Each structure stands twice: as C-alpha cells, then as structure tokens.
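First the structure, in the form of structure tokens, and then the observations on it.
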Amino acid sequence: RGLVCSIEINDNHTHSTKSGESLRFLPADNNVRDIFNEYFDSGMGIAEAQKYHEQLIELKEDFMLESLANGSISPCYRTIRNWHDTWINLNLGPRTGKGLIEKLKEKQKFYSENGITVLFKENPFSVIVVTPIMRRAHQMKEAQEIIFVDSTSACDPQNHSITFIMCPSAAGAIPLAIIITMGQTYESYCEGFKLINEAIPKSFSGQGYPNIFLTDQSAAEINAINQVWPKSKTLLCTFHVLQAVWRWLWDSNHQIPKEKRKPLMKNFQNILYAERVVEAECAYRQGIENVEFSQWKKYLENYWSYKEDWCLCYRDGTSRGHETNNYCEVAVRLYKDHVLGRVKAYNILALIDLTSTTLEGYYKRRFREYADSRTSSTRLTLRKMMKKVTYLNKEMIIQENDNEFLVPSEKEQSMLYYVDIKSGICSCPSALAGKFCKHQYTIYQFFNIKSVNFLLITPMDRYNIAKIAFGDKVLDKSFYDPFIAETQGEENVSDEINVNSKENDKRHNNIEQHRTNFIQETSTNNNSKFENVINLLNSCNTSYGSSLSGINKLEEKLKKIKTQGQWEHFLHTAGNCIPTRQRDGARIKVQPTTIARRAVGVTRGSKRLLGGRPPKGENPPKKRKRNLGLNINSNQPNAKSHGSL
Numbered sequence: 001r002g003l004v005c006s007i008e009i010n011d012n013h014t015h016s017t018k019s020g021e022s023l024r025f026l027p028a029d030n031n032v033r034d035i036f037n038e039y040f041d042s043g044m045g046i047a048e049a050q051k052y053h054e055q056l057i058e059l060k061e062d063f064m065l066e067s068l069a070n071g072s073i074s075p076c077y078r079t080i081r082n083w084h085d086t087w088i089n090l091n092l093g094p095r096t097g098k099g100l101i102e103k104l105k106e107k108q109k110f111y112s113e114n115g116i117t118v119l120f121k122e123n124p125f126s127v128i129v130v131t132p133i134m135r136r137a138h139q140m141k142e143a144q145e146i147i148f149v150d151s152t153s154a155c156d157p158q159n160h161s162i163t164f165i166m167c168p169s170a171a172g173a174i175p176l177a178i179i180i181t182m183g184q185t186y187e188s189y190c191e192g193f194k195l196i197n198e199a200i201p202k203s204f205s206g207q208g209y210p211n212i213f214l215t216d217q218s219a220a221e222i223n224a225i226n227q228v229w230p231k232s233k234t235l236l237c238t239f240h241v242l243q244a245v246w247r248w249l250w251d252s253n254h255q256i257p258k259e260k261r262k263p264l265m266k267n268f269q270n271i272l273y274a275e276r277v278v279e280a281e282c283a284y285r286q287g288i289e290n291v292e293f294s295q296w297k298k299y300l301e302n303y304w305s306y307k308e309d310w311c312l313c314y315r316d317g318t319s320r321g322h323e324t325n326n327y328c329e330v331a332v333r334l335y336k337d338h339v340l341g342r343v344k345a346y347n348i349l350a351l352i353d354l355t356s357t358t359l360e361g362y363y364k365r366r367f368r369e370y371a372d373s374r375t376s377s378t379r380l381t382l383r384k385m386m387k388k389v390t391y392l393n394k395e396m397i398i399q400e401n402d403n404e405f406l407v408p409s410e411k412e413q414s415m416l417y418y419v420d421i422k423s424g425i426c427s428c429p430s431a432l433a434g435k436f437c438k439h440q441y442t443i444y445q446f447f448n449i450k451s452v453n454f455l456l457i458t459p460m461d462r463y464n465i466a467k468i469a470f471g472d473k474v475l476d477k478s479f480y481d482p483f484i485a486e487t488q489g490e491e492n493v494s495d496e497i498n499v500n501s502k503e504n505d506k507r508h509n510n511i512e513q514h515r516t517n518f519i520q521e522t523s524t525n526n527n528s529k530f531e532n533v534i535n536l537l538n539s540c541n542t543s544y545g546s547s548l549s550g551i552n553k554l555e556e557k558l559k560k561i562k563t564q565g566q567w568e569h570f571l572h573t574a575g576n577c578i579p580t581r582q583r584d585g586a587r588i589k590v591q592p593t594t595i596a597r598r599a600v601g602v603t604r605g606s607k608r609l610l611g612g613r614p615p616k617g618e619n620p621p622k623k624r625k626r627n628l629g630l631n632i633n634s635n636q637p638n639a640k641s642h643g644s645l
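Once you know that position 569 of the sequence shown is 569 in full-length UniProt numbering, the rest is easy, because the numbers rise by one and skip nothing.
Below, the structure is given as structure tokens:
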C-alpha cells in the first residue's frame, strides 16, 4: 500500500524568534538550576541570587546584551521563585506541623557531621544549638564565674523564644549556647536548660554550673535556673530593675501623682546604689515611712524581701563588676542585624542553620581580629583610664612594700585607698565590686606593675581567643607575639648599665640636673605667661568693660573646677567661639540674636537657614530617647522598645 498522507514542515514561524520576549521562553537546563541551588545554599534570596547571576554573566568575555534576555542563561524571576520553593521544601521542610519535626530529626545527623550539636524535646518544644565555638568557650575559666541570660522573640513566623547564654571574655561576650523554645514559660526554660547539661557533659569549665547567673526580672527564667542549677546564684540586672520600678510609678492604676514619682524613684536609687548595707537600710526606712502611698510601701517591701539579688551593697567581687546583662542585650541586636538582617526566618530550621553558619562566622571573624591585634578596644580603654588619673603623680602615691600602695582619692585627697596589686584588690567601691579601677591602673602607669585584674592584652590571651575561634587549626603561639617584645628593652638597658656603670651614673646625674633646671625654667615661664594672661584680662576689662552676667558666669565656672583635668579643660576651651586666626573662605556665621529669634523646633546652629518656601505640614514628632536616667530626671516615662514586664 502507498503512503496515506504526507507531512510538509516549513520553518516559517508565526511569531518572532529573535526578540527579547521570545527568548524569555527558552527553558533553563539543570546546570543553571544547580548554580542557583548553590546560591540558595550560601544564603542568598531570590532577588539577590538573580542580581548576582546577572552580574556574573556581564563579566564574561563573550557577553552580549541578548544573553540577559535568554531564559536558558538568565532565567526569569518566576522560574527562580519556583526553584527556591522547591529548595526550601527540600532543605527546610514546611513552616509548621509534623513535617517540620521530621525534617529536624533528619538534619540532626548532618549537623553532627559538621561539629554542631542540635538536641530537642517535643513536649514542651525546646531546641539547643551548640556550635564549635560555643563548645570550646565552655573550657574557659570565665565560663564558671558569671553567665548572662536574656531572651528575645519575633524572629520566625511562630514567634519562638530565643535564649542567649553568654559569658564575658577579653574579646567581649562569647555565646555558650542558643536555646529555642516555644514560649517563655517555666516548663520551656527547664527543658531548654537541661539540654545544656545533655549536650555538653563538662559544661561551664568542667564545674557543671556557673557561680552566678545575671538575668532580667523574668520569674519563669529565674525559677528554671534555680531548678536546674540549684548551686548557682541568680542576680538581677540593675537596669531592668530600675526600668520596672519607673514603669510601675507611671502606671495610672497605682495613682502616684506626677510630682511624687521622681522623689520616690530617687529614694529607690539610693537603696540600689548604696555603698554600705547601713546606708541601704537607712534609705529603705525612709521609703517605707512614707505612709501617703500604701501601694508604694507594699511594692518597696516586696523588693526589699529579695534585696540581695539587686542591691549593689550586697554584692562582692565574684560578680567581676557586672551590674547589667548588657552583653546579652547587644548580642540580641547583633543577632537580628547581622544574622537575620532584620527579616524573620522561614521556620525554626532556618534559625538553626543561620545560628550554625552566619552567627558562627561572625564570632569567628570577631575573635580573629582580636587575636591579630586589629581591634582598638583595649587601647581606648587604657586611654580612658589615663584621663581619669591626671590628678595624680608618682609622689602622691605611698608605697608600703612591693605589692601594697596607698592612692589618694580624686574628690577627697586626704582619703587614701588601699591597693594590693598581687591580690588584685582595692578599697574603692568600684574595685570592691570586682572592677579594674583607676587606682590599680595608676600603679601600672607610675610603677609598671600589673594587677591580676589588668586588662587581658598578653600574647597568651590572644592565643587563647584564637584557639576558641579556630580550635585545632590555630596558628603557633609565636604568631601572636607583640610587635616589640616587652622585656627586650629592659634587658638591653640592664646590660648597658652593667658595662658602663660609672658613665651611666654620671649621665644620670646630668639628666637629673637638667630635668630639675628644666622644671624650674618651665615653672618660671608658666608664671610669667599666667601674669601676662591676667594683664590681658585687665586690659580687656578696661577697654571693653565687663557685664555683670558675664562675670557671674565666669565665676561660676571657676568655682566648679575641682581637679587638674577640669582646669586644663577650662584653659583649652575658654573663649572657643573666638577665632584664633583669620583665613580666607571661612563661613560667615549668623548673629547670636538671629538664633534667639528663631521659632521653636528650628535648628539652633550658627548656619543660616535655607531660603525658599518651607515644606508644608508640622515637624514630625521625635522619639523619646532611650535613656532611663535622663527620663527620670525629666520626670517622664522611659522609652519602651519591646514587650511588657
């Protein structure tokens, strides 16, 4: 039989084959899809992956504009969205439901292979994440001294609570564990805290519990800590205590008049910041004697019942001077900024992945910079200490023996603080709380003797921080040696003195004589200069006259000068609005009366206002500053950032 029919194919399309719209329909192969899966694995979203892929296409040598319109090379957003949804279901599972628990069980083995411990309990639901850095941080001695605990939420669609367990170190706070619970209840906290002992058998430097927990006023959190670690002591963050009291006073249900809120708050602050127990008890008696407000009396009596947890006079050096859990507050902000990017995670598995990768990488970079001497925090802290001791010189310090000194107080120089460098103690209030005080720094500055509480800046400390960050991959200890060895200069000087002792003695006498002459000449020049300044003041007073208000203002400033540093500041800033030299192109400032005539809300600066028609509408209201002390002095409620106490 012959052919039934014949088919003839023509290559004449009824649509365009070379336009950008037609190229969009070309399907992408599996190689392009695998590339985008790698983008998603690295943490990119849909828009970011598409933008990055297009940038790579433009960098190729054979790049043509048609390539960006070709769907097989540069897929459209809808295609990438479909790939991303498939990738999410494969790697993160559903947002909620039993499928999420099954996916978590499936990924536990993957986490374990990468050195990450992830344990969880289903009822009540709680998860603990321990990364390699967190596990190594438990070996530090600081991990058994004081621990900071704080919780946050609103980081995923189900609003799980994320609890940060942190300890201090030379490089800042280090996380010891991240606990994710369904809520902030006593049962959830108990299950989460028990998982720490299960995940890390030798937790908290092998002790199994820390000496002190510093928390906010969460009753569920504190009770859970006491249940899991009964040998640990819990202290309250002073900032959260003051914030809670100030909010209580501003609660209209308690019927405290506005003019009475500030005095009552000041009385509570006197109790909290009392340096001795007697002073705290005296301030407390003054507070409860106020029978005008019975609710305030009951409220204060309730706080006094657990005064050892928040009153500073009941604390000792074991708290290392820590009064707040600001370390955790900062860690929460860093977590939401750097880890989550201020965007809620897809589900709890995404939180675990981000904690295991992004958060781990952040702390690794941070500790690496500290170990490589790329941070200036220690230097700035020492500079701050240096400014605090400008009122002292070596002759004012009494040295009783090699380790014991008597250092004058700044306010009352007749009062002497006892400093024992070997034990790392000082009789000042700051040192009694465990802080490194300025009196201990004074001994280092004038006698070159370090206290045991001195800031950790030795090569061994940098090596220990690097070991926490890199583990077994840490470099040799010699890599973290300083640029100039500390003892090298002392050894060289000692050798020179032994070789040429007589010549050195002669030079020393000449130097001392020259130094004495220089001091005498400098003192004479200073007196002469000061007399010249007095003559100039008299001349200006004779030529231009002096207003009574100006003289009173100058007298008021001079009376407030109590230290050498304040006097030096006055000498360098008096008359700072008067130019010391003339130069071309300097800005012409407006007259002082012009600033005074400006309306409320307009800038008080010395620049002229911009011309033209002002924008319509009123100035937007400004947010209240998050400064508890300022708001107390202004007798206004404190700024509320999150949650309710």
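Every residue gets a Cβ at the ideal spot worked out from N, C-alpha and C, and that includes glycine.
The model shown is predicted, which means the values in this text are computed figures rather than measured ones.
In terms of Cα proximity to S161, the closest of K141, E221, M140 and T117 is E221. Residue D150 holds the alpha-carbon nearest to the alpha-carbon of P175 among E191, D150 and A154. Distance from F148 to C328 at the Cβ level is roughly 5 Å; contact confirmed, criterion being Cβ atoms closer than 8 Å.
Boundaries of the alpha helix (DSSP H) around C282: V277 to I288. In the three-state DSSP reduction, D481 falls in the coil class, being neither helix nor strand. By the 16-neighbour rule on beta-carbons within 10 angstroms, P210 is buried.
Annotation: C428 is outside any beta strand (DSSP E) and is labelled neither H nor E by DSSP. Taking C-alpha positions only, G287 is separated from R247 by approximately 18 Å.
Taking a contact to require three or more Cβ pairs closer than 8 Å, the stretch 411-423 and the stretch 460-470 do not qualify as touching. In this model, V245 and G629 are separated by some 13 Å (Cα to Cα). Nearest to R462 by alpha-carbon distance, out of M386, E369 and L380, is E369. Taking C-beta separations shorter than 7 Å and ignoring five residues to either side along the sequence, the partners of F120 in its chain run L104, S126 and V127, following chain order.
When rounded, the separation of the alpha-carbon atoms in N535 and N527 is 12 Å. Close CB contacts of I7 within its chain, under the 6 Å cut and outside five residues either way in sequence, are absent.
Looking from the CA of E308, the closest CA among E289, P257, C237 and V339 belongs to C237. Within the same chain, Cβ atoms closer than 8 Å to the Cβ of T375 are found at A171 and E369, the five residues on either side in sequence being excluded. In the three-state reduction of the DSSP assignment, S377 falls in the helix class, which pools H, G and I.
Here C313 has A274, E275, R276, V277, E279 and A280 as same chain residues with Cβ atoms under 8 Å from its own Cβ, once five neighbours each way along the sequence are excluded. Taken through DSSP and simplified to helix, strand or coil, L92 comes out as coil.
Boundaries of the beta strand (DSSP E) harbouring I179: I174 to T181, taken from the DSSP string. For I116, there is no enclosing beta strand (DSSP E), as DSSP marks it with neither H nor E.
Within the same chain, and ignoring the five residues on either side of L340 in sequence, the residues whose Cβ sits closer than 8 Å to its Cβ are C155 and L354.
Close CB contacts of S72 within its chain, under the 6 Å cut and outside five residues either way in sequence, are with L26 and A28 (chain order).
Collapsing the DSSP output to three states places P408 in a strand. The Cβ atoms of P637 and Y346 lie no closer than 9 Å to each other.
Taking C-beta atoms under 8 Å as the contact rule, W87 and F40 qualify, at a distance of about 5 Å.
Less than 9 Å separates the beta-carbon of I179 from that of L195. For the options T234, E122 and K297, the alpha carbon positioned closest to that of M265 is the one of K297.
Between K51 and Y363, the alpha-carbon positions lie close to 28 Å from each other. Taking the C-beta atoms as reference points, L392 is found no nearer than 9 Å to F454. Annotated as proximal: R135 and T117, with beta-carbon spacing under 9 Å.
Sequence-distant Cβ neighbours of V389 in its own chain, meaning closer than 7 Å and more than five residues away, are K438, Y441, T442 and Q445.
Annotation for S161: the continuous beta strand (DSSP E) segment containing it runs S161 to C167. A Cβ-Cβ distance of about 25 Å is found for the pair I225 and F268, leaving them out of contact under the 8 Å criterion.
Distance from the Cα of Y111 is smallest, within the candidate group E102, V129 and A49, for V129. When secondary structure is reduced to three states using DSSP, S205 falls in the coil class, being assigned neither helix nor strand.
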